[in-house]
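Everything on this sheet refers to the single structure shown next.
Numbering (our numbering), first residue to last: 685 to 794.
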């Protein structure tokens, strides 16, 4: 998928994955802040948060409130390929949409 065809949050996710694979980011290294990433990519902070959430769910980063986000010890050793990671992200999105739909439908039944 070309950079133009990617959603803005997916560009960050792909860039971080590429940097981990190439060794430019290593275990324990701190990622730029949400504000810095927002400025770097020219996107809203909420979009950056979505990318960080996907990276967390893929096991590539962990976050500490007030300290930032860091590369996990196992990120470079992750045996999952990009297809498996993409499928996991899609599964999470479908589950989130299903939960939202259920909440909407419950609101109509009341």
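We put the beta carbon where it would ideally sit given N, CA and C, even for glycine.
How would you label residue 785, buried or exposed, when you count the other beta carbons within 10 angstroms and need 16 or more for buried?
As a first step, residue 785 is located in the chain shown; it is residue number 101 there, counting from the start. Exposed, because fewer than 16 other Cβ atoms sit within 10 Å of the Cβ of residue 785.
For residue 727, three-class secondary structure by DSSP:
Taking the first residue of the chain shown as 1, we reach residue 727 at position 43. Note: residue 727 maps to coil in three-state DSSP.
Would you kindly work out how many angstroms separate the C-alpha atoms of residue 783 and residue 732, rounded to a whole number?
Counting from one through the chain shown, the residue named residue 783 turns up at place 99. Counting from one through the chain shown, the residue named residue 732 turns up at place 48. Residue 783 and residue 732 have their C-alpha atoms roughly 23 angstroms apart.
Buried or exposed: where does residue 693 fall if 16 or more other Cβ atoms within 10 Å of its Cβ makes it buried?
Stepping through the chain shown from its first residue, residue 693 is reached at position 9. Residue 693 counts as buried, since no fewer than 16 other beta carbons sit within 10 angstroms of its beta carbon.
For residue 739 versus residue 778, is the C-beta distance shorter than 7 angstroms?
Position 55 of the chain shown, counted from the first residue, corresponds to residue 739. Position 94 of the chain shown, counted from the first residue, corresponds to residue 778. Not in contact: residue 739 and residue 778 (Cβ atoms no closer than 7 angstroms).
Under 7 angstroms Cβ to Cβ from residue 776, same chain only, skipping five residues before and after it: list those, please.
Residue 776 sits at position 92 when you count from the first residue of the chain shown. Taking residue 776 as the centre and dropping the five residues before and after it, the same chain places the C-beta of 741 closer than 7 angstroms to its C-beta, in chain order.
Express the C-alpha separation of residue 711 and residue 702 in angstroms, rounding to a whole number.
Position 18 of the chain shown, counted from the start, is the residue given in the question as residue 702. Position 27 of the chain shown, counted from the start, is the residue given in the question as residue 711. Their backbone Cα atoms lie some 14 angstroms apart in a straight line.
Going by CA-CA distance only, name the one from 770, 756 and 768 that's closest to residue 714.
Counting from one through the chain shown, the residue named residue 714 turns up at place 30. The shortest Cα separation from residue 714 among 770, 756 and 768 belongs to 756.
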